[in-house]
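Numbering (mature numbering (1 follows the signal peptide of the UniProt record, and there is no 0)), first residue to last: -24 to -1, 1 to 237. C-beta: ideal position from N, C-alpha, C; glycine also. No experiment lies behind these values; they were computed from the predicted model shown. Reviewing the structure listed below.
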């Protein structure tokens, strides 16, 4: 019994240790923020701060200075002089027209006897994703009376994926259709929804898609032999009808000629 209690206590301490480590890692990494290229970024100080005479707050990106606040003044780094605004009076800053090179860890440090981080953001600047094109693979469509099967390709500027669908009147099953691109945090995905096949291309700040209608895909690739049989039946019926009408007219004319004689 004592051994079981010891193991239980040790297990609890291990779990608590993992939770503490996870939380510490989250604080260390900073709050994740994703920004569309060309947009602005507001960096807020997350704690109430009152600066004494010898205190100051420094905003830094990857340890490079952006701006330094004292109790009655501020100094901006030359690299940010034309790109920074101060929308509120609490040591927050707005950076304008961000580029992908502006990605990094942004930290506000309160410098006093014991320095303290009063804000930390892990910023990722992303461009818009490229358009996508969803097409049916040549010769991939097969159709019978109960189902239709086909393969589609979803292509972006940097990647492509294939996915195969087998559909009946009610549902579709799918094989394949999801990939994380070589570009970090960018995803390419094919899925079906409400009678359509949809290709999505997305990252954290933008998305685009392309769509195919399942019925259109299946009916545009009907079996040519099936169409030929239908046409043959129509032709046979038409010829038979013409022969019957011609026979009736001929008999009628012959009877009329005989009466005139």
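*Measure the C-alpha to C-alpha separation of residue 119 and residue 194 and round it to an integer number of angstroms.*
7 Å
_Backbone secondary structure at residue 55 - three-state DSSP_ = helix
*Among 19, 47, 87, 42, the one whose alpha carbon lies nearest that of residue 57*: 42
*Pairwise C-alpha distance: residue 63 and residue 102*: 24 Å
*Work out the CA separation of residue 93 and residue 77 for me, nearest whole Å.*
23 Å
_Looking at the secondary structure, which residues open and close the beta strand (DSSP E) in which residue 136 lies?_
136 to 143
*Which value, in whole angstroms, describes the spacing of the CA atoms of residue 96 and residue 69?*
13 Å
*asked:* Within 10 Å of its beta-carbon, does residue 201 have 16 or more other beta-carbons around it, so buried, or fewer, so exposed?
replied: Residue placement at residue 201 is flagged as unreliable, the pLDDT there being 48, under the threshold of 50; the coordinate-derived value follows with that caveat. Exposed: under 16 other Cβ atoms inside 10 Å.
*asked:* Assuming residue 192 is part of the alpha helix (DSSP H), what are its boundary residues?
replied: 190 to 195
_Could you compute how far the alpha carbon of residue 116 sits from the alpha carbon of residue 133?_
23 Å
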